[in-house]
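Once you know that position 108 of the sequence shown is 107 in numbering that gives the first Met the number 0, the rest is easy, because the numbers rise by one and skip nothing.
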Amino acid sequence: MEESSSGNMRSSEQGEEMKKVQEKSVKKRSKEEEEEQEQIFSFSSKPAEEEDEDLSDSEDSVYSGLEDSGSDSEDDEENDEQEVEGSDDDDLKAEPGQNLQEEEKKGGETDRLDEYEYDSSDEEDIRNTVGNIPMEWYKDFPHIGYDLDGKKICKPIRNKDELDDFLDKMENPDYWRTVHDKQTGSDIVLSDEQVELVNRLQRGQFGDVNFNEYQPQVEFFSSDLMLHPVTNRPADKRSFIPSLLEKEKVSKLVHAIKMGWIKPRRQNDDGGGRYYDLWASEDSSILANHRMHLPAPKIPLPGHHESYNPPPEYLFTDEERALWEQQDPSDRKCPFVPRKFSSLRQVPAFPRFIHERFERCLDLYLCPRQRKMRVNVNPDDLIPKLPKPKDLQPFPTTQSLVYRGHSGLVRSISVSPSGQWLASGSDDGSVRFWEVRSSRCMKTVEVGGAVKSIAWNPNPSVCLLAVALGSRVLILSPALADRQVLSSSEKLLSGQQEAESPEGAGSVTWSEGEGEELNQGIRLKIQHPKDVHQVVWHAKGDYLASVMPDHSSHLQVFIHQVSRRRSQNPFRKNKGLVQCVSFHPVRPYFFVATQRSVRIYNLVKQEMTKKLQANSKWISSMAVHPGGDHVICGSYDCRLSWFDLDLSTKPYKMLRHHKKAVRGVAYHRLYPLFASASDDGSVIVCHGTVYSDLLQNPLIVPVKVLRGHVITHDLGVLDVTFHPTQPWIFSSGADATIRLFT
0 MEESSSGNMR SSEQGEEMKK VQEKSVKKRS KEEEEEQEQI FSFSSKPAEE EDEDLSDSED
60 SVYSGLEDSG SDSEDDEEND EQEVEGSDDD DLKAEPGQNL QEEEKKGGET DRLDEYEYDS
120 SDEEDIRNTV GNIPMEWYKD FPHIGYDLDG KKICKPIRNK DELDDFLDKM ENPDYWRTVH
180 DKQTGSDIVL SDEQVELVNR LQRGQFGDVN FNEYQPQVEF FSSDLMLHPV TNRPADKRSF
240 IPSLLEKEKV SKLVHAIKMG WIKPRRQNDD GGGRYYDLWA SEDSSILANH RMHLPAPKIP
300 LPGHHESYNP PPEYLFTDEE RALWEQQDPS DRKCPFVPRK FSSLRQVPAF PRFIHERFER
360 CLDLYLCPRQ RKMRVNVNPD DLIPKLPKPK DLQPFPTTQS LVYRGHSGLV RSISVSPSGQ
420 WLASGSDDGS VRFWEVRSSR CMKTVEVGGA VKSIAWNPNP SVCLLAVALG SRVLILSPAL
480 ADRQVLSSSE KLLSGQQEAE SPEGAGSVTW SEGEGEELNQ GIRLKIQHPK DVHQVVWHAK
540 GDYLASVMPD HSSHLQVFIH QVSRRRSQNP FRKNKGLVQC VSFHPVRPYF FVATQRSVRI
600 YNLVKQEMTK KLQANSKWIS SMAVHPGGDH VICGSYDCRL SWFDLDLSTK PYKMLRHHKK
660 AVRGVAYHRL YPLFASASDD GSVIVCHGTV YSDLLQNPLI VPVKVLRGHV ITHDLGVLDV
720 TFHPTQPWIF SSGADATIRL FT
């Protein structure tokens, strides 16, 4: 009795202690839920420290409001409280069933304990009780599910953006093994065992590491022949009695065979294989009417040379046989050597019979016969329709005059604006003035050096000539005009030099001719720092440009004003080696040709407006159309490029008519003609009509090749120019002559 009473007292004490623990845990849980509610709905009134904690990447901050009594911290607190109270918690944990039974025996004196609190199942602690459903259903709701008490679990405040995710990815070493759980909204860090399980499943291995997939097979039946069967059941009665269903089916088949409804299979008596004609069902008329049908070629009938007793003229001689053996088999007219036999019995078998038939079969099935529709095109239709040269007259065709008197290379020629006088400069150190119609030398000026270039002033109201000689440019007044023209020329030359010289012009000095030079007509001398290779006038006759090709200096082009006697360098930096320059005939444009391109500058705006790519290796000469919209360039690689400035920066036409380097090109002022001079001793005259309609391309037709100059020291025609008013052309060559073609 004492033992039973002491046991009852102990059980009652344990029940009271359990009740106290439960009440504390319920109070604590309700208190934490209230705090969580305040955290979710009144987060604006948080202290600064809690806000900093919420911004962290911990589970509590990311998923505040989902904490339950199953967290580790709460378990620790409960354990601490239980240890302080000094109760026998180990007994409670060890024997929960015994305590429950004792409580029930007391007749309900205390409340029933939670049957899930000491659940020892292996399931995870899933605090969200919505079950295994798609979490997208809660997408438009403020909560994400319900907890164990049936209360709504509000969605977490996920204030992590892509930047936070990136920083977490960079700094968190466990980022790669962190998985987001949609059901609970928390981030779960996988353990090493779980990562290993995932890796094994990805490799197609078994999830259990200890599972042996190569374990020995369990032999359910032994291989030994046993005396008694596995089942010793006697056979059925139906195995000895004929089946009535089968009898019915057989009788139906016999009746159908008798009535002819079912025909038995016939056995083929012939022992050999079956042969059939592949083309038996084909109609010859259908093949003949087929559009792509071609009959197989037939072997030609044999001739006399294939006879066993051919005539003597078909037999090969020794020379013919030797020639036949030297030829390629495909080039032989006869594939065999004709032979003669006295009788047909002596003819041997054809040695290549099988090879020939085999090759014929290969031709039949490897070379499909197909009718190729040949397009009968007249070759003349492929050539563009060009007008006849007779319809493009006038143009120079014959050599009329030869101007002789120079003893060296005539490098440059120029015609006066009136067309009456012709000036020429030569390597013999002289400048000669010729009368065009009579080829008479009217005046000779000795300049004392090889003349590289000369240019007659295009203004008809003055009579001046510019001569490039070494590093000097001479302004000559030949006095081959009336008094009014001479007085205007003197007025132009009498200008005073300005005191202030532009930048870069300090290396150019102006001086007047003196003594004997003045008597010869040399009025002005312009000294340059380098050798001058070309001089060219502006259309108004006051400005003069000179070219000094030099890689080491930016002083390659100078523009001189004669009336004010001043010079200027228009370019601070030259892009390439300048070969030649030219003024636009109407507009304030300046053309500068380097080795591979032509740059067009606007003199008013002082900027480059266009760059033309010549597609040639080295430009030698350049000429501008009188209209100003077209340019031709000759090059040392035998090409002539026609540029349409309104069309493209690349050549509209490339003419390759010359065999050697092109030395000079020229346009006619009035007629639609242009010409090119080359070292091959010829001058090619072309018709080039430029239409006012911008949609119509220029018509370029070569009309005449003029020859007459003798090639000297591998040099032919050095310069070419047109008469200002007549369809005549002048050419100067290395043979020290000047020729007029009319």
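Ideal placement from N, C-alpha and C gives every residue a C-beta, glycine not left out.
Leaving out five residues on either side along the sequence, give the residues of the same chain with a beta carbon under 7 Å from the beta carbon of Lys539.
Asn458
Please state the DSSP three-state secondary structure of Val208.
coil
Burial state of His712, where buried means 16 or more other Cβ atoms lie within 10 Å
exposed
Smallest Cα separation from Leu400: which of Ser438, Gly448, His559?
Ser438
Alpha-carbon to alpha-carbon, Phe394 and His629
20 Å
Pairwise C-alpha distance: Met607 and Leu694:
26 Å
When you compare the CB positions of Ala422 and Ser413, do they come within less than 8 Å of one another, or not?
yes
Whose C-beta lies closer than 7 Å to the C-beta of Gly732 among residues of the same chain, with five residues either side of it excluded?
Val409, His708, Gly715, Val716, Leu717
With a threshold of 7 Å on Cβ separation, who are the neighbours of Asp426 within its own chain once the five nearest residues in sequence on each side are excluded?
Gly407, Leu408, Arg410, Ala449
Give the straight-line distance between the Cα atoms of Asp87 and Lys181, rounded to the nearest whole angstrom.
Any reading at Asp87 needs caution, since the residue's pLDDT is 43, under 50, leaving its predicted position unreliable; the model's value is listed next. In a straight line, the C-alpha of Asp87 is about 40 Å away from that of Lys181.
Give me, in chain order, the residues of the same chain whose beta-carbon lies closer than 8 Å to that of Ser506; leave out the 5 immediate sequence neighbours on both sides.
His527, Pro528, Leu554
Looking only at its own chain, which residues have a Cβ that is under 6 Å from the Cβ of Leu654, when we skip the five neighbours before and after it?
Leu639
Can you list the beta strand (DSSP E) stretches of 3 or more residues lying completely in the region 214-280, in chain order?
none
When DSSP builds the beta bridges, which residues end up paired with Glu434?
Trp420, Arg439
Pick from Val700, Asn696, Gly680: whose alpha carbon is nearest that of Ala735?
Gly680
Could you give the DSSP three-state label for His303: helix, strand or coil?
helix
Backbone CA spacing between Ala544 and His537 [nearest angstrom]
8 Å
Excluding five sequence neighbours on each side, which residues of the same chain lie with their C-beta closer than 8 Å to the C-beta of Pro347?
none
Ordered along the chain, which non-local residues of its own chain (more than five positions away) have a Cβ less than 7 Å from that of Asn308?
Lys339, Phe340
Strand pairing of Ser640, partner residues [DSSP]:
Cys632, Met653
Would you check if the distance between the CB atom of Arg522 and the CB atom of Leu468 is smaller than 8 Å?
no
When we look at the beta-carbon of Ser620 and count the other beta-carbons within 10 Å, is it buried (16 or more) or exposed?
buried
Taking only runs of the alpha helix (DSSP H) that begin and end inside the region 350-386, which ones reach a length of at least 4 residues, in chain order?
352-365, 378-381
Under a three-way DSSP split, which group does Trp727 fall into?
coil
For Ala544, the first and last residue of its enclosing beta strand (DSSP E):
542-546
Does DSSP put Ala321 in a helix, a strand or coil?
helix
Burial state of Trp136 (16 or more Cβ within 10 Å):
exposed
Determine the DSSP secondary structure at Leu162, reduced to helix, strand or coil.
helix
Which residues does DSSP list as the beta-bridge partners of Val684?
Ala674, Lys703
Using a Cβ distance threshold of 8 Å, determine whether the region 642-659 contacts the region 695-702, with at least three qualifying pairs required.
yes
Hey, quick one: how far does the beta strand (DSSP E) through Asn601 stretch, first residue to last?
596-601
Could you spell out where the beta strand (DSSP E) holding Asp718 opens and where it closes?
716-721
Residue closest to Thr443, alpha-carbon to alpha-carbon, out of Trp455, Gly149, Gly424, Gly575:
Gly424
Label Val217 either buried or exposed according to how many other C-beta atoms from any shown protein chain fall within 10 Å of its C-beta, with 16 as the threshold for buried.
exposed
Between the region 482-492 and the region 570-588, do three or more beta carbon pairs fall short of 8 Å?
no
For Ile382, does the count of other Cβ atoms within 10 angstroms reach 16, so buried, or fall short, so exposed?
exposed
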